[in-house]
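Enquirer:
In the working numbering, the protein residues as written are 1363 to 1717.
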């Protein structure tokens, strides 16, 4: 029994890494909900029911919890969501870490962040293409191979008979016949099934994730809106990861079932605390002990976080030079030696956490 529970916990914890990937590549869930009709059961299942996995870990394995906490404490710039950016001769700007979700606990800005947003002249999000569905779809269609199999490959052809049965059953329960998404890349499907019903229901009802809400509010107030990446940039980063990583992530997430609610709740709890430095220590500590596990993590970290951080920092500089910018990007891009806070400091800015 204990072994079965341990295996289930490792699967649940592994899903944290997948959810991290989907939070980095936030527009996919928006696109999926728009493109595919959600089943009636999903649309009505709007009650969130997850529990904090970290609180449970603190009780069940206090030594591991303390190890994660210590590593998080040692992570540069690992505490705080709002940062003031200053340089001589330039009007100060702000950097804010977001979580790409519609949960009201996420979309309600802390007071200091709201004040910084109100005073800004330019609001910057990861990609502005998410604000115009037609432009987003057009950008994706220019490189269809990033989201769909354009050769003879199908999702089923990448799955073992056992995994194919798991995927078929889980998708059918969600009102999505496997045949209807046979040519879709696995990370597109993962984006749809990884989030709990309550989050998908809010998205299907038109509730915006925090980043989109910020851009919409900025537009309503007559502020300038800018972006640091394109949809293609983000999709190429995701597509650069090994296909096996994505296929395994899809199968494991479907096996996890309703426990994804717990994963999401854990992410929200960390976000509310501003514990951005705990994201990666948690992911690393709970990855299954499988051959290639560390390599998979390293590849993800390099492609989806570090590489994009450098791109964001470079593209932010001319925006910062104009001053009064409110730059809102996924919170996982902030901490660490290769995080945006440290990269901006290396570029000559003074970057200070705002309590």
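All C-beta atoms in this analysis are idealised placements derived from N, C-alpha and C, irrespective of residue type, glycine included. For clarity, every value in this text was computed on a predicted model and none was experimentally measured.
To the nearest angstrom, how far is it from the Cα of residue 1679 to the Cα of residue 1524?
Expert: Residue numbering aside, residue 1679 sits at position 317 when the chain shown is read from its first letter. Residue numbering aside, residue 1524 sits at position 162 when the chain shown is read from its first letter. Spanning the two alpha carbons is a distance of roughly 50 Å.
Enquirer: Quickly, what does DSSP pair residue 1715 with across the bridge? List them, please.
Expert: Counting from one through the chain shown, the residue named residue 1715 turns up at place 353. Note: residue 1715 sits in a beta bridge opposite 1445.
Enquirer: If we count the other Cβ atoms within 10 Å of its Cβ and call it buried at 16 or more, is residue 1552 buried or exposed?
Expert: Working through the chain shown from its first residue, we reach residue 1552 at position 190. Classification of residue 1552: buried, given that the 10 Å Cβ count is 16 or more.
Enquirer: Quick check on the DSSP output: the alpha helix (DSSP H) that includes residue 1511 runs from which residue to which?
Expert: On the chain shown, position 149 is the one that residue 1511 refers to. Looking at the DSSP string, residue 1511 is not in any alpha helix (DSSP H), and its letter there is neither H nor E.
Enquirer: What residues are listed by DSSP as bridge partners for residue 1586?
Expert: The sequence position of residue 1586 within the chain shown is 224, counting from 1. Paired residue(s): 1484.
Enquirer: Helix, strand or coil: how does DSSP classify residue 1470 here?
Expert: For the purposes of this step, residue 1470 is taken as residue 108 along the chain shown, with counting starting at 1. Residue 1470 falls in the coil class under three-state DSSP.
Enquirer: To test your reading of the DSSP string, which unbroken beta strand (DSSP E) runs of 3 or more residues are found completely within the stretch 1652-1706?
Expert: Counting only runs of 3 or more, we get 1687-1692.
Enquirer: In whole angstroms, what separates the C-alpha of residue 1714 from that of residue 1555?
Expert: One-based indexing of the chain shown puts residue 1714 at position 352. One-based indexing of the chain shown puts residue 1555 at position 193. Rounded to the nearest angstrom, the two C-alpha atoms are 38 Å apart.
Enquirer: Comparing alpha-carbon positions, which option in 1454, 1446, 1466 lies nearest residue 1409?
Expert: As a first step, residue 1409 is located in the chain shown; it is residue number 47 there, counting from the start. Checking every option, the nearest Cα to that of residue 1409 belongs to 1466.
Enquirer: Are the beta-carbon atoms belonging to residue 1669 and residue 1599 less than 8 Å from one another?
Expert: As a first step, residue 1669 is located in the chain shown; it is residue number 307 there, counting from the start. As a first step, residue 1599 is located in the chain shown; it is residue number 237 there, counting from the start. Yes. Within cutoff.
Enquirer: Go ahead and pull the three-state DSSP assignment for residue 1643.
Expert: Reading the chain shown from its first residue, position 281 is the one you call residue 1643. Note: residue 1643 maps to helix in three-state DSSP.
Enquirer: Could you tell me how far apart the beta carbons of residue 1605 and residue 1533 are, in whole angstroms, since I believe they sit closer than 8 Å?
Expert: Reading the chain shown from its first residue, position 243 is the one you call residue 1605. Reading the chain shown from its first residue, position 171 is the one you call residue 1533. Contact flag wrong, Cβ pair sits at about 19 Å.
Enquirer: Write down the C-beta distance between residue 1313 and residue 1544 rounded to the nearest angstrom, noting that I regard them as a contact closer than 8 Å.
Expert: Nothing can be reported for residue 1313, as the shown portion of the chain is limited to 1363 through 1717.
Enquirer: For residue 1542, is the classification buried or exposed, using 16 other Cβ atoms within 10 angstroms of its Cβ as the cut-off for buried?
Expert: Locating residue 1542 in the chain shown gives position 180, counting from the first residue. Looking at its Cβ environment, which holds fewer than 16 other Cβ atoms inside 10 Å, residue 1542 is exposed.
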